[in-house]
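Numbering (my numbering), first residue to last: 1406 to 1632.
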Amino acid sequence: MNLSKILELLVQQHASNLDYDFPQSFSPFLKTNNLPAESDAKVLEDLSKDVSDALRLITSDMESLIATHLQLKNIQDHLLHVDADIKTAMPPIERLPTEMLMQVFKEATSEMGDALDMRWEPFVISRVCHKWRVVATEQCPDIWFKFMLEWPSWDDMKDLITLLSLVLSRGAERSLEFNFEAAGGNDVSECESEKNSEEGSSDEDDNDEEIYARRPSYYSRDDGVTE
């Protein structure tokens, strides 16, 4: 017999106690301090004994069920802890094929970000765990080749060249694509770069910002750059 059936029988065993009720004829005594007659008192005394016996039995069964529940709860907590450890050691995303994980990384880094900011998505992804770092830095160049460079952030950089070289090396042989944003907030778009290239070079007296503004935003990677 399974547990559900046993519990059902237990409830049925005590369900007959629902037939016990306070006699309506004695209701007036609930509102006064008067005692019922001796014959009526005997009826209430007999009823009281039956109700007390029923209460004792159902209380005993409930205490047993509560104790059983606590024991089962302890076992459940133990199993939940073991299950959590297993899932931590073997998270579903860690079991994804490398090709699928690379696609997830590409979707998460679809927008152009600042390559000089350690909060840039490729940097964040590569710091999650060892596997993600290997895939992101060695097998997924598509998340590193497209970015922007914000001039205002250069002042806070301790080793700008090293960081930029790191980004370039992780992009492997992909053609570089980036926007350069100067201090004034002006950036170089693809169309502007092509237009400027067609018009020719500026005068030698042009200032640095004008020179940068005429640089194309697409470059071929220098094969000599390494991490």
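Glycine included, every Cβ here is placed at the ideal spot set by N, Cα and C.
- At the C-beta level, Leu1581 and Phe1550 come within 8 Å of one another.
- Inclusion of Ile1548 and Lys1511 in the CB contact set at 8 Å is warranted, their separation being smaller than that value.
- The region 1438–1456 makes no contact with the region 1465–1484: fewer than 3 CB pairs, one atom from each, lie closer than 8 Å.
- When secondary structure is reduced to three states using DSSP, Lys1436 falls in the coil class, being assigned neither helix nor strand.
- One alpha carbon belongs to Pro1502, the other to Glu1555, and they sit about 35 Å apart.
- With a 10 Å radius around the Cβ and a threshold of 16 neighbouring Cβ atoms, Ala1513 comes out exposed.
- In the assembly as shown, Ile1530 is a buried residue. Its beta-carbon has 16 or more other beta-carbons within 10 Å.
- DSSP, reduced to helix, strand and coil, places Asn1584 within a strand of the structure shown.
- Residue burial annotation: Leu1485 is exposed, with fewer than 16 other C-beta atoms found within 10 angstroms of its C-beta.
- According to the DSSP secondary-structure assignment, Asp1519 is paired through a beta bridge with Met1553.
- CA-to-CA, the gap between Glu1499 and Leu1569 works out to about 29 Å.
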